[in-house]
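> Quick note on numbering: the sequence shown equals residues 34 to 266 in the working numbering.
C-beta: ideal position from N, C-alpha, C; glycine also.
On a predicted model such as this, the values are computed, not experimentally measured, just so you know.
Below is a structure I'd like to ask you about.
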Amino acid sequence: MNNKLLSALTATAAATALLGATAPAHAFSFGTSGIKFQEDTSVNFKFKESHGGFTSSLGIYTVNDSTIAKVTSLFSETKSSDNGDSNEWKGSLGDTVLGSGSVVFKFLANQVYTLGLASGDNGTVYSTSTLNTNSNGSQQAVFGGSNLWNALNQEMTSTFQAAGQFTDGTGSLSNGSTLISFDDRGNGLDADFQDFTVSAEAVPEPITMTGLAIGFGGLIAARRRRRANKTVS
34 MNNKLLSALT ATAAATALLG ATAPAHAFSF GTSGIKFQED TSVNFKFKES
84 HGGFTSSLGI YTVNDSTIAK VTSLFSETKS SDNGDSNEWK GSLGDTVLGS
134 GSVVFKFLAN QVYTLGLASG DNGTVYSTST LNTNSNGSQQ AVFGGSNLWN
184 ALNQEMTSTF QAAGQFTDGT GSLSNGSTLI SFDDRGNGLD ADFQDFTVSA
234 EAVPEPITMT GLAIGFGGLI AARRRRRANK TVS
């Protein structure tokens, strides 16, 4: 076999294996209609900042028919903000929220999930709109790419008029990172959608070195057989 052709095939095989091993699984649903993956998928959540007057906690919940059960907490505030109502009750990592600010959670295949923001006596709002039964299934979270952060007004409690345009984070999650931001139904139901903001990024599966070795081994064996055949002839 021509050395250049062999090199090209080897590179192609390696690239294919790498892409197949590192590409995140596509979400069946990742937005206000619910969270559900076709395969077990790990997602890295990172706290960005908060602007709510409550001391809130964000968690992951399973949804089975009408039963909602908390699985784990992602981030919990230790106080309502860094410094009272300064900067629209801004809460930052290292002050209001402690720890690394990064949590990886594995979503199991075909299990329906939702995110829930619990704010004490103010109750819990869910990223899945239909679960917000206390407010007639209202949208309480927005999902989107980097353009969502630019659209949100973090310094004011004005209503986020474009919330209905940010309901699906499937595309942005597949392309890198999804921003998720909640409205906690506080401050007279201001619907500002900047009360608690996190990002989500699918974690690539580990590279399967065994698969790569098998692929390379097959190419090398084929090359040796061709050389042997040429020698015999």
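Would you mind reading off the limits of the alpha helix (DSSP H) that contains Leu91?
Along the sequence shown, one-based indexing puts residue 91 at 58. Where Leu91 is concerned, there is no enclosing alpha helix (DSSP H), although the beta strand (DSSP E) it sits in stretches over 90-97.
> Which first and last residues belong to the alpha helix (DSSP H) in which Asn183 is found?
Start at 1 with the first residue of the sequence shown, and residue 183 comes out as number 150. Where Asn183 is concerned, the enclosing alpha helix (DSSP H) stretches over 179-184.
> Express the C-alpha separation of Val137 and Val145 in angstroms, rounding to a whole number.
The sequence position of residue 145 within the sequence shown is 112, counting from 1. The sequence position of residue 137 within the sequence shown is 104, counting from 1. Val145 and Val137: Cα-Cα distance of roughly 17 Å.
> Specify, as a first and last residue, the run of the alpha helix (DSSP H) that Thr203 falls within.
As a working note, residue 203 is residue 170 in the sequence shown. Where Thr203 is concerned, the enclosing alpha helix (DSSP H) stretches over 203-207.
> Starting from Asn155, trace the beta strand (DSSP E) both ways and give me its first and last residue.
What you label residue 155 is simply residue 122 of the sequence shown in a count that begins at 1. First-last for Asn155: undefined, no H or E at that position.
> Taking the C-alpha atoms as reference points, what is the distance between Asn155 and Gly92?
Mapped onto the sequence shown, residue 155 falls at position 122. Mapped onto the sequence shown, residue 92 falls at position 59. Approximately 16 Å, taken between the alpha carbons.
> May I ask which residues mark the beginning and end of the beta strand (DSSP E) holding Leu107?
Here residue 107 refers to the residue found at position 74 when the sequence shown is read from its first residue. That run of the beta strand (DSSP E) goes 100-109.
> Going by beta carbon distance, what residues of the same chain come within less than 6 Å of Leu126, once the five residues before and after it are set aside?
Indexing the sequence shown from 1 puts residue 126 at position 93. Hits under 6 Å: Phe80, Gly134.
> Tell me the rounded alpha-carbon separation between Asn77 and Asn169.
Locating residue 77 in the sequence shown gives position 44, counting from the first residue. Locating residue 169 in the sequence shown gives position 136, counting from the first residue. Between Asn77 and Asn169, the C-alpha separation is close to 31 Å.
> Around the C-beta of Lys269, are 16 or more other C-beta atoms found within 10 angstroms, so that it is buried, or is it exposed?
Residue 269 is absent from the structure shown; the chain starts at 34 and stops at 266.
> Please say whether Leu148 and Thr157 have beta carbons closer to each other than 8 Å?
One-based indexing of the sequence shown puts residue 157 at position 124. One-based indexing of the sequence shown puts residue 148 at position 115. No.
> Checking the sheet assignment: what are the DSSP bridge partners for Ala151?
The residue labelled residue 151 in the question sits at position 118 within the sequence shown. Bridge partners of Ala151: Ser90, Thr157.
> Give the straight-line distance between the Cα atoms of Ser160 and Glu234, rounded to the nearest whole angstrom.
Taking the first residue of the sequence shown as position 1, residue 160 is located at position 127. Taking the first residue of the sequence shown as position 1, residue 234 is located at position 201. Straight-line Cα distance between these residues: approximately 17 Å.
> What does DSSP give as the partner residue(s) for Gly64 in the beta ladder?
Here residue 64 refers to the residue found at position 31 of the sequence shown. BP columns for Gly64 point to Gly67, Asp201.
> Rounded to whole angstroms, what is the Cα-Cα separation between Asp201 and Ser66?
Counted from its first residue, the sequence shown places residue 201 at position 168. Counted from its first residue, the sequence shown places residue 66 at position 33. About 8 Å.
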